[in-house]
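Notes for the one structure printed next.
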Amino acid sequence: MTIRVGVNGFGTIGKRVADAVSRQPDLQLIGVAKTRPSFEARRAMDRGFPIFIAGEGSAEKFASAGVPVAGRLADLLTQIDVVVDATPEDIGRENRKIYESAGVRSVFQGGEEADVAEASFNALGNYEACRGKRSLRVVSCNTTGIARAVAVVAPRWGVAHWHVTLVRRATDPGESKKGPVDGIVPALEVPSHHGPDARTIFPGLPIATTAVVVPTTLMHVHVNHVRLERPASSGEMIEAFRTTPRFHLFAPWERVEGTPQVMEFARDRAGRDGRRTPDMMENVLWERGISVEGRDAYFFQAIHQESVVVPENIDAIRAMFNVADGPTSIAMTDRALGLGRSPASAPPRP
Ligand code: NAD
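Right, here's the structure in full:
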């Protein structure tokens with residue numbers, strides 16, 4: 038079965054999801070919808086993705102820019118089985134009615150409230166519970182990062198209490214209107230909304246989150262303290278993260294001190310092993326930054342906000358159509374995107 042997919046909203050997330058869809062053996066990207074021509078339309082044209090006009094977009098503007106269009110969103114919706122909505126927050130909720138009346142399934146993003154869809158989704162966290170749904174919401178980048186980590190820790194050692202401070206990037210690299218460009222801004226909503234959001238994946242999870250925003254565009258960093266129900270060791274926890282898909286661990290010898298080197302690493306590996314973009318879709322952990330003392334676990338993780346949700350959108354589609362179980366879908370997605378397990382921690386022999 039080939040699932041026909043459209044992507045509405047071709048910005049930071051939409052363009053990456055469209056690219057990822059086009060690389061899956063069982064999915065077919067029918068087109069992408071944009072409100073206006075922009076530099077990103079070139080990417081769609083270069084990749085051969087048909088462009089449809091979204092919202093109130095003007096056909097004349099596309100024509101005068103020389104950007105060919107294949108129709109409007111309504112036309113796209115007649116040709117697809119599922120739409121991935123990657124429009125700015127709150128617009129997805131407005132679009133939901135259009136998708137429902139067109140009879141297509143829909144995947145929304147984390148900027149929407151949880152009730153925009155039948156369920157919130159994270160592939161490692163709750164794939165099974167999302168099978169067969171007509172609409173899903175892939176949780177935000179931060180919640181995706183948290184949910185993946187919970188999926189590793191909770192089944193092995195239990196969670197008595199989880200606290201995470203989110204050190205959040207100010208904005209995305211392509212955005213020039215947001216900040217801060219200086220200073221550290223605490224989110225005065227305490228605890229922050231990320232804890233309740235994580236509970237849309239793990240109901241009842243004893244988690245509390247706080248957040249500060251800092252002037253960087255590269256990645257978020259999470260500072261985790263987990264009180265486990267059963268004691269563990271640092272080595273066991275390192276191994277658990279290392280052997281789970283969608284985690285990348287850096288060994289001490291790699292001298293990755295922080296997010297600048299992480300993203301430099303991602304740029305270096307782009308174009309190899311099927312990885313087309315300089316993105317970091319995995320949760321990034323440092324072996325040296327994982328420390329367990331009895332029931333107290335401490336670890337840092339970095340989250341590339343622009344790409345971490347991309348594989349989750351692909352798995353959400355397979356879950357909705359019930360065409361694969363979670364591990365199978367994750368493996369298919371990761372193979373197509375070139376995501377592998379973390380290499381062994383020892384340096385390569387000369
Ligand atoms: P973005 O602004 O980069 O892209 C959104 C695109 O949608 C833009 O190209 C915009 O022109 C277009 N658009 C606006 N109105 C539209 C409409 N009515 N119909 C179709 N397209 C329209 O936004 P983004 O960062 O890609 O965010 C999209 C969603 O993904 C949001 O819910 C956001 O919260 C979520 N998300 C963003 C990030 C991130 O770090 N950027 C991470 C995870 C989830």
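Okay, so the sequence shown: first residue is 38 according to the numbering used here, each after it adds one. Backbone N, C-alpha and C fix where the C-beta goes; we use that ideal spot for every residue, glycine too. All of these numbers come straight from a predicted model, not from anything done at the bench.
Evaluate the contact criterion for the stretch 96-108 versus the stretch 120-139: three or more CB pairs, one atom per stretch, below 8 Å. no
Kindly examine ligand 1 and report whether one of its heavy atoms sits closer than 7 Å to the Cβ of Gly-46. yes
Heavy atom of ligand 1 less than 7 Å from the Cβ of Thr-72, yes or no? yes
Burial state of Phe-158 (16 or more Cβ within 10 Å): buried
Would you kindly report the start and end of the unbroken beta strand (DSSP E) that includes Glu-330? 320-330
When the Cα of Gly-195 is compared with those of Ser-172, Asn-179, Leu-242, Arg-304, which residue comes out closest? Leu-242
Going by DSSP, what residue range makes up the beta strand (DSSP E) through Tyr-335? 333-340
State yes or no: is the C-beta of Ala-307 within less than 8 Å of the C-beta of Thr-296? no
If we ignore side chains and look at the alpha-carbon of each, how far apart do Gln-61 and Gln-146 end up? 20 Å
Option nearest Leu-376 by Cα separation, candidates Thr-280, Ile-354, Val-106: Thr-280
Please classify His-230: does DSSP put it in a helix, a strand, or coil? coil
Between which residues of its own chain and Lys-215 is the CB-CB distance below 6 Å, once the five residues before and five after are set aside? Thr-208
With Arg-53 and Glu-349 assumed to form a contact (beta carbons below 8 Å), what rounded beta-carbon distance in angstroms separates them? The Cβ separation is near 11 Å, so there is no contact.
Report whether the distance from the Cβ of Pro-125 to the nearest heavy atom of ligand 1 is below 7 Å. yes
beta-carbon Glu-349 near ligand 1 non-hydrogen atom, thresh 7 Å: no
Less than 6 Å between C-beta atoms, sequence neighbours within five positions excluded: which residues of the same chain meet that for Gly-266? In the sequence as displayed, the identity of residue 266 is Glu instead of Gly. Closer than 6 Å at Cβ, skipping near neighbours: Gly-195, Ala-197.
By DSSP, does Pro-364 sit in helix, in strand, or in coil? helix
Output the distance between the C-alpha atoms of Phe-47 and Asp-56, rounded to the nearest integer angstrom. 11 Å
If we call anything under 8 Å between Cβ atoms a contact, is Arg-205 one with Ala-248? yes
So Ala-123 is in the beta strand (DSSP E); what residue range does that whole segment cover? Where Ala-123 is concerned, there is no enclosing beta strand (DSSP E), given that its DSSP letter is neither H nor E.
Coil, strand or helix - Ile-351 by DSSP: helix
Quick check on this structure: which residue in Ile-90, Val-119, Thr-115 has the alpha carbon closest to the alpha carbon of Arg-109? Ile-90
Helix, strand or coil, according to DSSP, for Gln-398 in the structure here? The chain is shown only over 38 to 387; residue 398 falls outside these bounds and no answer can be derived.
Need the endpoints of the alpha helix (DSSP H) that Val-190 sits in, please. 178-194
If we require 4 or more residues per run, which alpha helix (DSSP H) segments fall completely within the stretch 53-118? 76-84, 96-102, 110-114
Buried or exposed by the 16-neighbour rule on C-beta atoms within 10 Å, applied to Lys-71: buried
For the stretch 297-305 against the stretch 327-336, do three or more pairs of beta-carbon atoms, one drawn from each stretch, fall closer than 8 Å, so that the two count as touching? no
Tell me whether Thr-49 counts as near ligand 1, meaning its Cβ is closer than 7 Å to at least one heavy atom of that ligand. yes
How many Å lie between Leu-286 and Arg-193 at the Cα? 19 Å
When you compare each of Thr-237, Val-190, Pro-223, Asp-362 to Pro-252 by their alpha carbons, which one comes out closest? Pro-223
By Cβ distance, which residues of its chain are closer than 7 Å to Ala-277, with the 5 residues on each side in sequence left out? Val-189, Arg-193
Comparing C-alpha positions only, which one of Arg-171, Ile-275, Pro-282, Leu-255 sits nearest to Pro-289? Ile-275
Can you check DSSP and say which residues form a bridge with Gly-43? Gly-68, Val-120
For the alpha helix (DSSP H) containing Phe-278, list its first residue and its last residue. 271-279
Can you tell me whether Met-357 is buried or exposed? The criterion is at least 16 other CB atoms within 10 Å of its CB, across all chains shown. buried
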